[in-house]
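Position in the sequence shown (from 1) plus 85 gives the number in my numbering. Don't be surprised by glycine CBs; every beta carbon is placed ideally from N, CA and C. Remember, it's a predicted structure, so these values are computed and weren't measured experimentally.
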Amino acid sequence: ADVVNNDPDVADRLKVFFIPNYNVKTGHIVYPMADLSEQISLAGKEASGTGNMKFAMNGALTIGTLDGANVEIREEVGAENFFLFGMTVEEVMNLWASGYDPMDYYRSDDELKQAIDLIKSGHFSNGDSGLFQPLVDSLLYNDEYMLLADYRSYIDCQDMVGQTYLDEDKWTRMSILNTARMGKFSSDRSITEYCQKIWDARPFPVKLRWEKIPEGGIVFRK
86 ADVVNNDPDV
96 ADRLKVFFIP
106 NYNVKTGHIV
116 YPMADLSEQI
126 SLAGKEASGT
136 GNMKFAMNGA
146 LTIGTLDGAN
156 VEIREEVGAE
166 NFFLFGMTVE
176 EVMNLWASGY
186 DPMDYYRSDD
196 ELKQAIDLIK
206 SGHFSNGDSG
216 LFQPLVDSLL
226 YNDEYMLLAD
236 YRSYIDCQDM
246 VGQTYLDEDK
256 WTRMSILNTA
266 RMGKFSSDRS
276 ITEYCQKIWD
286 ARPFPVKLRW
296 EKIPEGGIVF
306 RK
């Protein structure tokens, strides 16, 4: 954050903030003000909470993989209103089976190599080149989430996000359609489906009668 927030080239355009103790109450502030929702888990990991739904319901566009609820959100809002990147589950499995080596991507992508080398150099840790060494080692030698394999697709997709954001009318239309088409994820629909398909709970009619009381007002009784 210190590096980015003090970079004169992006001083008034980009800031990095960390929100401590993030919870549902904090989310009430974050979800409505977000423009872009980053849902970047590796396809097949099923890292699916409800945050991606809440962002989309509040008009944030999603950049994400075909993982978890991202798949359903994309189906509902339309592929043209979703920024998709990364491998499919089948592609992930095939890459593992063929022998995934993150070093192949590190060596072949100059921008990626430069980014990792910058982290390794201590540029983001006040000159301490060893602080992030475990992170670098996990990326280069044990990249179980295939971050390096999905990196170029992610960067290209971010370029598309940036170009779309410059078109205010297009971005606004996509945002409105995200909100309008997220009805499937409402709690009303979810609870009704749980009642019908899981709990086998049926509505029970309750007859109420009402009567006025001397003190004023109305009382309902069974």
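Under DSSP, the beta-bridge partners assigned to S122 are T147. For F103, the three-state secondary structure derived from DSSP is coil. Contact check for M188 against A128 fails: the beta carbons are separated by 8 Å or more. The alpha-carbon of D228 is positioned some 16 Å away from that of I204.
Distance from the CA atom of K110 to the CA atom of V101, rounded to whole angstroms, is 21 Å. Put simply, of Y236, Q199, G215, V246 the residue whose alpha carbon is nearest the alpha carbon of I148 is V246. Only buried fits A234, as 16 or more other CB atoms lie within 10 angstroms of its CB. Looking at the backbone, the Cα of Y191 and that of G184 are separated by about 15 Å. Exclusion of the five residues before and after D213 leaves G207 as the residues of its chain whose Cβ lies within less than 7 Å of its Cβ.
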